[in-house]
Amino acid sequence: MTPKKQLTRVSFFFLLLAAFSFSQISYAQTESAEADTTASAPEETASASASDGEIPTGDANIGAGEELFKGNCAACHKIDQKLVGPALAGVQDRAPSIDWIVSFVQNSQKVIATGDEYAVNLYNEYNQTQMTAFPQFTRDDVLNILGYIKQQAEAAPAETAAVAGAEGADGAVASEPAISSAYLNAIMIGLIIVLALILVVLILITTVLRRYLLQKETVGDEDREIIEQSVSLSKVFKSPTFIFLATFIFAAVAFKVVINELFAVGVQIDYTPTQPIAFSHKLHAGQYEIDCQYCHTGVRKSKNANIPSPNICMNCHSAILTESAEIQKIYAAVEQNRPIEWVRVHNLPDLAYFNHSQHVNVGNIECQTCHGEIQEMEVVGQAKLLTMGWCIDCHRNTDVNTKGNEYYDKLVELHSEVSEDGMKVEDIGGLECSKCHY
Amino acid sequence: MIKNSNIYSIVLAVFGGLILTACGAGDNDPGLEYAPNMYHSVPYEPLKQVVDKDKGEWAEFLDSNEDGYGEYYNSNPLNQEGMDGSGMTMRTPPENSVRRDKYLPYRIPKDSLTLAASVENPLPDTPEVLAQGKELYERFCDHCHGGAGQGADPGSVGEVLAGVPSYTSAAVKGVSGGHIFHVITHGKGRMGAHGSQISVEDRWRIVRYVQTLQQN
């Protein structure tokens, strides 16, 4: 083996080793990050003072109050935070009287109608949101709820401290990946330097050895020839083998590029246009798991999946993130009665017919089959080819969804007479030209 | 020594390759379209209109249709901005239009909840209707009302929106089917109106299923 060959093998081995160690390092770091997230559980210190006379402090009463609060109040009220309605901590000290609280809970509109100043102010402060009336709550029920609120309000400081601690831990975890990528870069550069040094050392060794051998008198003529052999670059370039190889590789690459690019004509995969509003499918469909069909309402009954009109956005965004600049764009569109001009991503040419309801409602095909992992896309792009070959491939391999659909009963019967395989889309005419081109 | 002609051919090949790399699509570029007027429809397409009158003028370079507009312009010129419909190709149907459906339009106004509560569900209480109702509930309701109708599930939209009551809470446990239908149609409190998204029949299916959740 010549020193040159040896050298390439050694460096190749080092490269492999480097690649392998990178993956090991990144694993190790995620593991340590996971270990950090263990946060201490909040400690509850329940010691209720009986200063408010009427408000019960017994465990049974507080338990009953907790059940009522969680079942009926928690949707709109938190103890220590404003939600739809006010935070309830200290409500027994704020409100005019315990009797007032009881009658407000039983029917707030009645109290407001009497012109009670505190009630009217409260009503206006919360944008005239009507509190649901609970006429079925007795005075004791309300007192139990107040007992639970009081106990929670007193236990709250300890809990918030614990939560803050947990958030601190989360913050540390979040900053972890940035450090690790910096580490990776450093390690990469370090390894490259080491490899370069090894190269230099090896070259030095070969030169030293050559000189030593040349000075030695006992070396034979044949060996001397090998030692003195030097690689001349110009000779290599002019050799027919090199010219042939270079031409061949160049031609092959050029051919491949040309073919690839010609096939890309009319294929819009990876088209990811910037939309007028930075809507994130990753957030809505991914994190919050809102069903695709909640917004794309046409997908089961029409050729088109439908782009939701702003009133569907408003179902949530009349209350969520109302200050955000992106959401303000929806408000503007609603106010001016003008459509939001989304940029179309998936655009089949008119020569091909495609119907969403056929595939989603009848075929029971998942949206992701043709649109890719939409729930992971921050900005939607075309993930699949949407070429004819791609359609046909699926029609050849997909079993027809015949379950519970008597339309197919006879067809399945006839198909099972001639074939043991499942009935594919192609078996019921899924490859006929005029199904899609007419 | 490489000949000049060789250099030319190499430059030509590289240049040709570069031109061809512009064929594929990426970020904001839909790529080269084969037969572009198949992608930019002359007839009106749903959810799409091109209001830019010059759009696609280049495509008429060899074969002009002499209408004075670009090849891709396909907005309704009789429905300009400022007229009814604000320049949209599709116009809102005239007032009091009735949709062709087996159900008559639901006309009870939002504030007449008591009247609405007396409306009877036209669908029977069968396992089939309940199963359909469950499927629809999971599609349209559960991200706010929770899988079991017990209020928002942790980490769901309902938790962010806040103010989602449990179906078993004292205030709503006893409400009638007509009440539920009315609330789905027009919304109530922080809940938006879902009448435009869910058909009348599907709303009644959901009502049947929600009534089973009230009993939990």
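Just so you know, the sequences run in chain order A and B. So the first sequence is numbered by the working numbering: it starts at 1 and just counts up by one. So the second sequence is numbered by the working numbering: it starts at 439 and just counts up by one. The beta-carbon is built from N, C-alpha and C at its ideal position, and this holds for glycine as well. Bear in mind that the values here come from a model prediction, so they are computed numbers and not experimental data.
(message) Quick check on the burial criterion: 16 or more other C-beta atoms within 10 angstroms. Buried or exposed for A/Gln92?
(response) buried
(request) In the DSSP assignment, find the unbroken alpha helix (DSSP H) run with B/Gly615 in it and report its ends. (result) 615-624
(message) Between B/Glu691 and B/Ala590, how many whole angstroms is the CB-CB distance? I'm expecting something under 8 Å.
(response) Since the displayed chain B opens at 439 and closes at 654, residue 691 of chain B lies outside it and no answer follows.
(request) Using a Cβ-Cβ cut-off of less than 9 Å, list which residues of the region 489-504 of chain B approach chain A; keep chain order. (result) Val489
(request) Measure the Cβ-Cβ separation of A/Ala87 and A/Ala156 and say whether it is below 8 Å. (result) no
(message) Let me check one thing: in DSSP terms, what residues is B/Met629 bridge-paired to?
(response) According to DSSP, which records beta bridges pairwise, B/Met629 is partnered with B/Lys626.
(request) May I ask you to verify whether the region 459-473 of chain B touches the region 266-276 of chain A, counting CB pairs closer than 8 Å and requiring at least 3? (result) yes
(message) In the DSSP output, which residue or residues are listed as bridge partners for B/Asp467?
(response) DSSP lists B/Gly464 as the bridge partner or partners of B/Asp467.
(message) Is it the case that the region 619-636 of chain B contacts the region 306-325 of chain A, given that we only count it when at least three CB pairs across the two stretches are under 8 Å?
(response) yes
(request) Check whether the Cβ atoms of A/Cys394 and A/Cys292 lie closer than 8 Å to each other. (result) It is not a contact, given that the beta carbons lie outside the stated cut-off.
(request) Could you check which residue in B/Ile622, B/Tyr482, B/Trp642, B/Gly464 has the C-alpha nearest to that of A/Asp350? (result) B/Tyr482
(message) For the pair the region 306-316 of chain A and the region 237-257 of chain A, tell me if three or more CB-CB distances fall below 8 Å.
(response) no
(message) Can you check whether the C-beta of A/Asp350 is within less than 8 Å of a C-beta belonging to chain B?
(response) yes
(request) Tell me whether B/Asp420 sits in a helix, a strand or coil according to DSSP, three-state version. (result) Outside the shown range of chain B (439 to 654) lies residue 420 of chain B, about which nothing can therefore be said.
(request) Have a look at the DSSP bridge pairing and note the partners of A/Lys399. (result) Strictly speaking, residue 399 of chain A in this sequence is Asp, with Lys absent from that position. DSSP output for A/Asp399 lists A/Lys424 as bridge partner(s).
(request) Taking A/Tyr438 as the reference, give the member of A/Cys391, A/Thr274, A/Phe354, A/Ala278 with the closest Cα. (result) A/Phe354
(request) Inspect the beta-carbon positions of A/Gln109 and A/Ala75 and report whether they are closer than 8 Å. (result) no
(request) With 8 Å as the threshold, decide whether the Cβ of B/Lys486 is near any Cβ in chain A. (result) yes
(request) Sort A/Val142, A/Tyr407, A/Leu348, A/Ala285 by Cα distance to A/Leu68 and report the nearest one. (result) A/Val142
(message) My assumption, with CB atoms under 8 Å, is that A/Val343 sits in contact with A/Gly381. Please give the rounded CB distance.
(response) Wrong, their Cβ atoms sit about 11 Å apart, outside the cutoff.
(message) Check whether the region 594-610 of chain B and the region 527-537 of chain B are in contact - that is, three or more C-beta pairs closer than 8 Å.
(response) no
(message) Considering just the uninterrupted stretch of the alpha helix (DSSP H) at A/Met314, what are its terminal residues?
(response) In the DSSP assignment, A/Met314 falls within the unbroken alpha helix (DSSP H) covering 310-317.
(request) Select from B/Gln635, B/Gly462, B/Leu599 the residue whose C-alpha is nearest the C-alpha of A/Val257. (result) B/Gly462
(request) Report the partner residues of B/Glu483 according to the DSSP bridge assignment. (result) B/Lys486
(request) Using a cut-off of 7 Å between C-beta atoms, extract the partners of A/Tyr288 located in chain B. (result) His581, Ser594, Val595
(request) Step through the CB atoms of chain A and report whether any lies within less than 8 Å of the CB of B/Gly630. (result) yes
(request) Taking A/Thr297 as the reference, give the member of B/Leu516, B/Gly633, B/Trp642 with the closest Cα. (result) The shortest Cα separation from A/Thr297 among B/Leu516, B/Gly633, B/Trp642 belongs to B/Gly633.
(request) Would you mind reading off the limits of the alpha helix (DSSP H) that contains A/Ile227? (result) 221-228
(request) Give the DSSP-derived three-state secondary structure of B/Pro474 in the structure shown. (result) helix
(message) So, at 8 Å on beta carbons, what are the nonlocal neighbours of A/Val219 in its own chain, with the 5 sequence-adjacent residues on each side left out?
(response) Leu213, Ile227
(request) Check the Cβ-Cβ distances between B/Gly584 and every residue of chain A, and say whether any is below 8 Å. (result) no
(message) Under 9 Å, CB to CB, which of the residues in the region 532-545 of chain B have a partner in chain C?
(response) Protein chains in the displayed structure are A and B, and chain C is not among them.
(request) Pick out whichever of A/Phe137, A/Lys150, A/Leu83 has its Cα sitting closest to the Cα of A/Glu125. (result) A/Leu83
(request) At 8 Å on the CB atoms, spell out the chain B contacts of A/Cys394, in chain order. (result) Within chain B, no residue comes near A/Cys394; the closest Cβ sits about 21 Å away, beyond 8 Å.
(request) Could you confirm whether any beta carbon from chain A is found closer than 8 Å to the beta carbon of B/Thr606? (result) yes
(request) Could you have a look at A/Thr206 and say whether DSSP puts it in helix, strand or coil? (result) helix
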